[in-house]
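Right, one structure below, let's go through it.
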Amino acid sequence: MPVTDLRPLHDWSGPPATLTLWSPSAASTESAKRAPVSPALPSYEQEQHLRAFRACEQRHEAMARLLVVVWDEPGRCDLRAMTHVVTAHLRRHDTYHSWFEERGEAIVRHVLTDPAAIQMESSTLGEVSAEDWQNHVMATPTPFAWDCFRFGILQRASGFTCFASIDHLHADATVIAFLMTEIRSVYRAVLDGETPLKLGSPGSYLDYCTSQRQRAAKTTLANPEVKQWIAFLHRNNGRMPSFALPLGVLEDRYQAEYLHLDILDDTVMAAFESACHASGARVIGGLLACAALTERELAGRSRYSVITPTTTRRSPQAFRTTGWCVGVVPIDFDVQERMFPELAFIAQRNFDERLCLADVPIELVLELAAGLPTIRSVATGGVMLSYMDVNVPPLSAHIAREWHQGNGRVYINQGMAAQVAVWLFRTQRGLSLTAAYPANGTARASMHRYVKALTGACRRTAGALIPTYSHVGR
């Protein structure tokens with residue numbers, strides 16, 4: 001059983017199975033083509049994604065753009081019921097009602113006026129291998145296509161595997177477990193003739209985009225959050241923070257490689273959390289402290305600097321809304337000779353005090369700072385550390401159980417990257433880590449050193465023995 005919740009797509013393995021895909025009907029596609037232009041601009045997250053995709057396309061590069069959520073179900077899939085379920089899901093969430101078009105330098109949004117025009121159809125393609133399945137997933141239409149999403153199953157004698165391949169344009173990591181629970185619950189209710197789980201109505205992603213743009217229009221260089229962002233960039237020579245170890249490349253863009261492993265089981269993770277609480281911090285503060293200790297150990301750095309993503313959803317309704325609602329929090333603090341308890345407290349305070357900066361898109365900050373000589377026009381590169389716990393709000397205990405029982409996991413396709421990224425996921429099994437870094441020997445050796453040291457710092461904090469790793473996945 002796979003135990004890591006975020007994996008590169010090429011890691012998918014399994015015996016041959018019968019593949020069925022759901023895609024929009026011809027009539028649905030025609031309705032989408034006729035959708036009028038909407039006054040709602042893309043969110044900053046969407047616009048950056050679309051422009052990055054176009055830049056990759058022009059350079060003939062692949063882009064890591066797909067979020068593929070996968071889970072298992074018993075028995076034989078009722079294709080008619082699943083057709084109803086995926087159609088209802090797409091009608092329910094208005095982010096899927098949009099498609100985007102370039103008009104000169106601008107990107108405009110088209111929106112389907114009648115969600116009932118969306119109708120999915122199934123197509124059974126026969127038996128496929130793991131590699132065949134990966135290729136079908138990779139064929140999910142691009143973010144400039146309306147239907148940049150696909151749903152499917154892999155049927156075996158013992159049961160079937162469900163998957164949803166959704167371009168990042170329409171989803172983020174926060175809603176992945178909820179997406180699985182919604183589809184799973186509605187499917188079971190349709191089969192049993194029962195009322196589905198009361199999930200509550202979702203919010204509108206179009207409203208999120210409009211509200212974000214309205215706030216941005218009122219934001220200036222005098223805004224306190226913008227000033228904090230610019231000060232952070234100043235401290236990093238006008239750009240995002242750099243990774244502590246050699247990466248074997250000088251440019252900001254490179255083909256990404258991945259490693260993943262489970263670093264703390266649930267018992268050790270509980271002990272780690274207790275150590276964080278004893279220091280006046282939560283887990284995120286403790287992990288940032290361990291990362292700071294790791295950089296001090298490996299590179300002698302006396303100051304830690306990183307960005308960490310967080311959701312910009314602010315209401316229960318928003319957490320039921322499929323879309324891309326993520327900002328980043330700039331973290332930096334002095335490490336010096338401090339030990340974990342003090343560093344965890346400092347890191348937690350740093351995170352809490354700057355959490356509001358996530359509501360100011362970094363793309364907006366760079367637009368406003370374009371005339372400042374000390375800020376680079378494109379703050380690319382850098383290092384990101386992300387933490388998500390599926391066991392606590394906004395993800396409920398019920399959703400965590402569903403995720404665990406369904407053997408839920410997430411895959412991302414390989415492509416170009418502009419930063420080193422470290423994702424840490426906490427589930428009922430403990431803490432897992434996935435990292436993306438440049439695909440070369442120097443970066444690979446650096447990342448393996450980094451992960452081993454970070455794991456050691458976490459385990460020492462928890463008072464656990466440090467295991468010897470014989471293999472780290474690539």
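The sequence shown maps to residues 1 to 474 in the working numbering.
Glycine residues also receive a C-beta, built at the ideal position from the N, C-alpha and C atoms.
Bear in mind that the values here come from a model prediction, so they are computed numbers and not experimental data.
Cβ-Cβ separation, residue j to residue i (assumed contact under 8 Å), whole Å
i: Y411; j: V68; result: 4 Å
i: L66; j: D167; result: 6 Å
i: R287; j: L424; result: Rather than Arg, the amino acid found at residue 287 in this sequence is Leu. Contact flag correct, Cβ pair sits at about 6 Å.
i: R213; j: L90; result: About 24 Å; that fails the 8 Å criterion.
i: V190; j: V268; result: Contact doesn't hold; Cβ gap of about 41 Å is too wide.
i: P341; j: V326; result: With 8 Å as the limit, P341 and V326 do not qualify as a contact, their Cβ atoms being about 30 Å apart.
i: C290; j: T427; result: 19 Å between Cβ atoms; not a contact.
i: W71; j: G430; result: So it is not a contact: roughly 19 Å between Cβ atoms.
i: M120; j: S23; result: 7 Å
i: L433; j: I284; result: Not really, about 14 Å apart at Cβ, beyond 8 Å.
i: M240; j: G382; result: 3 Å
i: R475; j: V335; result: Residue numbering for the chain in the displayed model covers 1 to 474; residue 475 lies beyond these limits and cannot be assessed.
i: P39; j: G159; result: Actually they are not in contact, since the Cβ atoms of P39 and G159 sit about 46 Å apart, beyond 8 Å.
Beta bridge counterpart(s) of residue i as assigned by DSSP
i: S305; result: D332
i: A435; result: L259 and V422
i: A17; result: V128
i: D485; result: The shown model of the chain, from 1 to 474, leaves out residue 485, and the question about it has no answer.
i: W22; result: S122 and F151
i: G280; result: DSSP lists no partner for G280.
i: S31; result: Answer by DSSP bridge pairing: none, since S31 is not bridged.
i: T312; result: Paired residue(s): none; T312 is not in a bridge.
i: W63; result: The sequence as given places Met at residue 63; Trp does not occur at that position. Answer is M416.
i: S98; result: V111
i: S38; result: R109
i: V383; result: V420
i: G327; result: T310
Residue i: first and last residue of the uninterrupted alpha helix (DSSP H) it sits in
i: E105; result: E105 -> no alpha helix (DSSP H), and no H or E assigned at all.
i: I166; result: From DSSP, I166 is part of no alpha helix (DSSP H) but of the beta strand (DSSP E) over G159 to D167.
i: R7; result: It is not in any alpha helix (DSSP H) - R7 instead sits in the beta strand (DSSP E) that spans L6 to P8.
i: L343; result: F340 to R354
i: Y450; result: G441 to A462
i: F144; result: Here F144 belongs to no alpha helix (DSSP H), and DSSP marks it neither H nor E.
i: Y44; result: Y44 to Q58
i: H93; result: Unbroken run through H93: none, as it is neither H nor E.
i: V365; result: I362 to L368
Unbroken beta strand (DSSP E) run spanning residue i, endpoints
i: R477; result: Residue 477 lies beyond the stretch modelled for the chain, which goes from 1 to 474, so this question has no answer here.
i: Y411; result: R409 to I412
i: V390; result: No beta strand (DSSP E) holds V390; DSSP gives it neither H nor E.
i: L287; result: Not the beta strand (DSSP E): L287 falls in the alpha helix (DSSP H), residues V283 to A299.
i: E73; result: L66 to P74
Contact with chain B by residue i, beta-carbon distance below 8 Å
i: A281; result: Absent from the structure is chain B; it holds one protein chain and no more.
As an exercise, report each continuous alpha helix (DSSP H) stretch of at least 4 residues that is fully enclosed by the segment 169 to 252, in chain order.
176 to 192, 205 to 217 and 224 to 235
Would you call the segment 241 to 252 and the segment 444 to 452 in contact, with 3 or more CB pairs under 8 Å?
yes
Looking at C-beta atoms only, is the number of pairs between the segment 424 to 443 and the segment 251 to 265 that lie closer than 8 Å three or more?
yes
Using 8 Å as the cut-off, can you tell me whether the segment 108 to 118 makes contact with the segment 6 to 18, which would need three or more C-beta pairs spanning the two stretches below that distance?
no
Contact between the segment 343 to 352 and the segment 316 to 327 (3+ Cβ pairs under 8 Å)
no
Measuring CB atoms only, is the segment 18 to 27 touching the segment 152 to 163, in the sense that at least three cross pairs come out at less than 8 Å?
Flag = yes, the segment 18 to 27 and the segment 152 to 163 touch.
Does the structure place the segment 139 to 152 close enough to the segment 92 to 104 that three or more beta carbon pairs sit under 8 Å?
The segment 92 to 104 is in contact with the segment 139 to 152.
With a threshold of 8 Å, are at least 3 pairs of Cβ atoms found where one atom belongs to the segment 201 to 208 and the other to the segment 130 to 137?
Two segments are said to touch when three or more pairs of C-beta atoms, one from each, lie closer than 8 Å; by this definition the segment 201 to 208 does not touch the segment 130 to 137.
Would you say the segment 352 to 364 touches the segment 41 to 58, given that touching needs at least three Cβ pairs under 8 Å?
yes
Check whether the segment 223 to 238 and the segment 366 to 377 touch, using three or more Cβ-Cβ pairs below 8 Å as the test.
yes
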